[in-house]
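Read in numbering that gives the first Met the number 0, the sequence shown has 137 at position 138, and its numbers run on one by one without any break. Here's the structure we're looking at; comments come further down.
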Amino acid sequence: MRMILVGPPGAGKGTQAARLIDTYRIPHISSGDMLRAAVKDATALGLEADRFMKAGQLVPDAVVIGMILERIRKPDCEQGFMLDGFPRTRPQAQALDAALTAAKVTLDAVVLLEVPDQLIVDRITGRRSDPDTGTIYHLVFSPPPLELLPRLVHRKDDTVEAVTTRLAKYHSETAPIIPFYADKQILRRVDGVGEPDIVTTRVIAALDAVLVP
Ligand code: AP5
Ligand code: MG
0 MRMILVGPPG AGKGTQAARL IDTYRIPHIS SGDMLRAAVK DATALGLEAD
50 RFMKAGQLVP DAVVIGMILE RIRKPDCEQG FMLDGFPRTR PQAQALDAAL
100 TAAKVTLDAV VLLEVPDQLI VDRITGRRSD PDTGTIYHLV FSPPPLELLP
150 RLVHRKDDTV EAVTTRLAKY HSETAPIIPF YADKQILRRV DGVGEPDIVT
200 TRVIAALDAV LVP
């Protein structure tokens, strides 16, 4: 299964990916997580990416395309992968398409998690992540165990100001890739509103329809 999870900030891409990788046994490749790891390690890539990410701006295409294409060429991606947060511009989608064509493989599905803008700010500002396990919580919607609270982190780009920019970037830069995948007939729209378990059931139903047409 080669698939992409796409959706606005806070749509639940990371939350759903964590639940789906056991079902599909493919690596979860999050461009945001890879960039945050590079920032933490203060690599050259991380230092360049940090100023864009903090402001809610997109990291330049050339940087992200190189990082992801290198990642999906690794042996653990031979049987498939789940991309989260990439592609999010037309040039990224075209670069991925060209790389997959050159490798003679095809994408099976692009799952679009649909969540209205007015729900996004609450989801983002209440998010807390566990740096040790990667688990994503929400102070209200997925409350963490109390004993974990002191070690949970609040992302630097999870401010109201940055999320407003991220949402605007989603609509101007990322939404235009949706017709690109709709034309290829691999786009699956999934309602991302509701309990995370219900959303997972919807995503699996959409993917089952792809695997067993
Ligand atoms: P990235 O890390 O990809 O951020 P994003 O796309 O803005 O998405 P998020 O991770 O914020 O949200 P999510 O959909 O994963 O939601 P989550 O499951 O955590 O990118 C960050 C930055 O890196 C970008 O702004 C850019 O600077 C850079 N970048 C990354 N990729 C790039 C690329 N390809 N090109 C250029 N730049 C790039 O859930 C959010 C919250 O909601 C959580 O608290 C969760 O508990 C809660 N929640 C989840 N599901 C539900 C539900 N069903 N009901 C209620 N609450 C829910
Ligand atoms: Mg995420």
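Where a beta carbon is used, it is the ideal one built from N, C-alpha and C, also for glycine.
Residue environment: V58 is assigned as buried (16 or more neighbouring CB atoms within 10 Å of its CB, all protein chains considered). Runs of the beta strand (DSSP E) lying entirely within the segment 113–189 and spanning at least 3 residues, in chain order: 126–128 and 135–137. When the alpha-carbon of A208 is set against those of A16, D107 and E47, the nearest one is in D107. Selection R165, R87 and P8 evaluated against D60 yields R87 as nearest (Cα-Cα). Note that the C-beta distance between D83 and H137 is not below 8 angstroms. Rounded to the nearest whole angstrom, the CA to CA distance from P175 to A204 is 25 angstroms. If you draw a 10 Å sphere on the C-beta of R50, you find fewer than 16 other C-beta atoms in it, and that means exposed.
For the pair of segments examined, the segment 113–126 was found to touch the segment 183–200: the number of CB pairs separated by less than 8 angstroms reaches three.
Short note on G84: C-beta closer than 7 angstroms to some heavy atom of the ligand MG. In this structure, K39 has its beta carbon at no less than 7 angstroms from each heavy atom of the ligand MG. Under DSSP, A108 takes part in a beta bridge, and its partners are M2. Between the beta-carbon of V104 and that of P130 there is about 34 angstroms, and that puts the pair past the 8 angstroms contact cut. Following the DSSP letters along the chain, one finds I25 in no beta strand (DSSP E), marked with neither H nor E.
The Cβ atoms of I135 and P8 do not sit closer than 8 angstroms to each other. Under the 8 angstroms Cβ criterion, the segment 68–84 counts as touching the segment 27–37, having at least three qualifying pairs.
Taking the Cβ atoms as the reference, R154 lies roughly 7 angstroms from S128, within the contact range of under 8 angstroms. For S29, the distance from the CB to the nearest heavy atom of the ligand MG is below 7 angstroms.
Here the distance from the Cβ of K12 to the nearest heavy atom of the ligand MG is below 7 angstroms. The C-alpha of T173 lies about 7 angstroms from the C-alpha of R89. Burial state of A94 is buried, judged by a 10 Å Cβ sphere holding 16 or more other Cβ atoms.
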